[in-house]
Structure formats: structure tokens, C-alpha cells
Amino acid sequence: MVDIQVQFRSAAGRACLDEPAGLRGVPVEERAPLSEPRAYKGRYSIPTKWVSATGQVVWCASTVQLGAAMLLDFEPDIVCFQSRVVKVHWEQDGRRGTVEPAFVARTRNGSRLRVCAPAAKRGGCGRGC
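Under our numbering, think of the first position of the sequence shown as 54, with each following residue one higher.
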């Protein structure tokens, strides 16, 4: 059996941990990110803020993520999106892992999407879905 917990921010801004079903109806894509991206020595990235068409500030950890934010912003079916707002922690048979989707978005019809970063070619980056 797989145990899954999702970390996100409450309406008051506190970090919370709950089962996936506990997030139904919670507008995590409108919440503040769990953390801001940081540049690390040897990592090719330029942490940047993107101001979306709705006026929401979206943190981007790289120019690739910035390009994805621009595409989401100009997609007419996407009404709201944010980066770094959830971390999915899982455990199965003694193995553990964390997945951090690059973006969580809400569509015009109310559906929620997660947009994940592709795994790095050298064995995975630990952030892909």
C-alpha cells in the first residue's frame, strides 16, 4: 500500500500536511508558494518572478520554467496557476520520495491540473512526476 501526504499552505499561510482527498475544494493554486527558488553553485538557473495576466506573482526556478509559465498564462482555458504550492510525499514498502510539481493550475471548468518538470537526463532530478 502507498501512503501519500500532500504539503500545502492553509488560507492563513501555514504549511499543512493532509491526504490528497483533504485538498478537494482547497484553492492551492491561489496560495503562496511553500518556498522560493534559490540559485545553487553549478546549477544553470535564474530564479525569476513572472506576473501573470491575473496579477498573481509566480516564482520560476529557471528560464525553462519561466517559458512554461508564459505558455500557461496565454492558455485561454487556464484561469489561475502558481508554482511550488504543493509537495507530494509518498512511502511504500520502506521506500520514500517527494514529488514537487512545477505548477498547479485551475481550468475554466474548475478542473485542477499539475504540470511537472521532466526528469533530467542523468538519472532524474527528484522533482519530476
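Note that CB positions come from ideal geometry on N, CA and C, so glycine has one too.
- request: Tell me, to the nearest whole angstrom, how far the beta carbon of I99 is from that of S115; I am working on the premise that it is less than 8 Å.
  value: Contact annotation, I99 with S115: C-beta distance approximately 7 Å; criterion of less than 8 Å satisfied.
field: Inter-stretch contact at 8 Å, needing at least 3 Cβ pairs: the stretch 59-68 / the stretch 122-131
entry: These segments do not touch.
- prompt: Is DSSP giving A122 helix, strand or coil here?
  reply: helix
message: Between A155, F156, N162 and E144, which has its C-alpha nearest M54's C-alpha?
response: E144
message: Taking 6 Å as the limit between beta carbons, can you name the residues of its chain near H142, skipping five residues before and five after?
response: Q58 and T151
message: Which same chain residues end up closer than 8 Å to R91 when comparing Cβ atoms and leaving out the 5 residues on each side of it in sequence?
response: P100
query: So, are the CB atoms of A122 and V138 less than 7 Å apart?
result: no
query: By how many angstroms is the C-alpha of D56 removed from the C-alpha of G108?
result: 36 Å
- prompt: In its own chain, which residues sit with a C-beta less than 6 Å from the C-beta of V132, not counting the 5 before and 5 after it?
  reply: R159 and R161
- request: Specify the secondary structure class of T101 as computed by DSSP and reduced to three states.
  value: strand
field: Exposure label - R77; buried when at least 16 CB within 10 Å
entry: exposed
message: Which same chain residues end up closer than 7 Å to G66 when comparing Cβ atoms and leaving out the 5 residues on each side of it in sequence?
response: These residues qualify, in order along the chain: A85.
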